[in-house]
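S.K.:
In my numbering, the protein residues as written are 675 to 961.
(1) Could you check what DSSP says for residue 714 in three-state terms: helix, strand or coil?
(2) Identify which residue in 926, 918, 902, 893 has its Cα closest to the Cα of residue 943.
(3) Tell me the DSSP secondary structure of residue 796 in three-state form.
(4) Could you tell me the boundaries of the alpha helix (DSSP H) in which residue 830 lies?
(5) Starting from residue 701, follow its DSSP beta bridges and name the residues at the other end.
(6) Nearest to residue 911 by alpha carbon, out of 898, 922, 695?
(7) Might you give, ordered along the chain, the residues of its own chain that have their beta carbon closer than 6 Å to the beta carbon of residue 785, omitting 5 neighbours on each side?
(8) Using a Cβ-Cβ cutoff of less than 7 Å, which residues in the same chain neighbour residue 629 once the five nearest sequence positions on both sides are dropped?
(9) What does DSSP give as the partner residue(s) for residue 706 in the beta ladder?
(10) Check whether the Cβ of residue 812 sits closer than 6 Å to any heavy atom of the ligand FAD, and report yes or no.
(11) Around the Cβ of residue 705, are there at least 16 other Cβ atoms within 10 angstroms (buried) or fewer (exposed)?
(12) Beta-carbon within less than 6 Å of residue 712's beta-carbon, same chain only, minus the 5 sequence neighbours each way: which residues are those?
(13) Exposed or buried, which one is residue 749 when buried takes at least 16 other CB atoms within 10 Å?
(14) Give the secondary structure of residue 753 by DSSP, where H, G and I count as helix, E and B as strand, and everything else as coil.
(15) Check whether the region 879-892 touches the region 810-820, counting contact only when three or more Cβ pairs, one atom from each stretch, lie closer than 8 Å.
(16) For residue 762, which three-state DSSP category applies?
(17) So within the region 909-950, which uninterrupted alpha helix (DSSP H) runs reach at least 4 residues, ignoring any that extend past its ends?
(18) Let me check one thing: in DSSP terms, what residues is residue 720 bridge-paired to?
(19) Between residue 831 and residue 744, which are expected to be in contact by the criterion C-beta below 8 Å, what is the C-beta distance as a whole number of angstroms?
(20) Whether or not the region 755-766 and the region 837-857 are in contact is what I'm after, with contact meaning three or more pairs of Cβ atoms, one per stretch, closer than 8 Å; do they touch?
(21) Would DSSP call residue 816 helix, strand or coil?
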């Protein structure tokens with residue numbers, strides 16, 4: 675009997691063991707190594723030289739600016755679009771269930787493939803220029819991906835919104851499906867209109883899903899890389915690209931690790947902000 679109870683007590687931990695080992699090997703250990711490379715010299719002594727070299731890099735502040743422009747533009751657009759899409763899918767309207775497959779399609783497309791698709795749209799002889807010239811709107815092809823303009827940044831924003839909105843959409847759909855219908859039905863009986871039900875009932879109960887969606891999407895936005903390379907050839911500076919450049923082109927793992935550590939710090943700060951500002955009602959009551 676005692677042996678059986680012990681086996682039952684150990685079972686949850688045994689089930690978690692493979693995932694724990696995976697996280698330790700492929701997330702915790704690389705994170706520790708990156709942090710150590712960023713703040714230690716070749717003799718293993720603490721140093722800020724690598725961080726100073728990163729901040730003195732001519733592309734550093736451009737990478738910071740572009741990354742945060744992408745972040746504050748992409749995340750709100752994706753959340754609003756994903757919420758609208760999720761509300762349509764879960765509305766119960768005829769045929770709305772089929773839309774989930776259409777809306778979720780981009781999630782199966784890799785970052786690089788999505789970037790190549792949108793490069794074919796925005797390039798000088800691409801689909802957009804062909805359409806605009808055939809309609810007589812343009813006399814000659816417009817160079818949308820001219821790095822001297824803001825168009826490459828806009829192109830990356832459009833490509834990222836198209837590619838990754840489905841990630842937020844899937845999470846929100848799962849959250850909406852977990853909200854009991856009785857709450858909205860009760861609010862409707864008491865005279866609440868659609869907007870009031872959305873604002874006072876649906877969104878508060880959707881907070882845990884919103885937290886997960888925003889944290890995951892923000893972390894991925896800080897790491898945007900393949901779409902930038904495909905659309906701009908790496909000429910648009912972002913933090914992840916600078917980390918790759920220092921490691922691959924300049925063969926300096928220490929400065930590359932400093933960039934990676936900076937991305938990690940930014941991601942952690944934003945995640946804490948989300949967790950504090952989007953706490954569920956139950957969490958607020960328990961402190």
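Cβ atoms here follow ideal geometry from the backbone N, Cα and C, with glycine treated the same way.
The model shown is predicted, which means the values in this text are computed figures rather than measured ones.
M.R.: Here's the rundown:
(1) strand
(2) 893
(3) helix
(4) 825-851
(5) Partner(s): none; residue 701 has no beta bridge.
(6) 898
(7) 900, 901
(8) Because the chain spans 675 through 961 in this model, residue 629 falls outside it and cannot be assessed.
(9) For residue 706, which the question treats as bridged, DSSP gives no partner whatsoever.
(10) Although the ligand FAD was asked about, the structure shown includes no ligands whatsoever.
(11) exposed
(12) 724, 931, 932, 935
(13) buried
(14) helix
(15) no
(16) helix
(17) 913-922
(18) 714
(19) 6 Å
(20) yes
(21) coil
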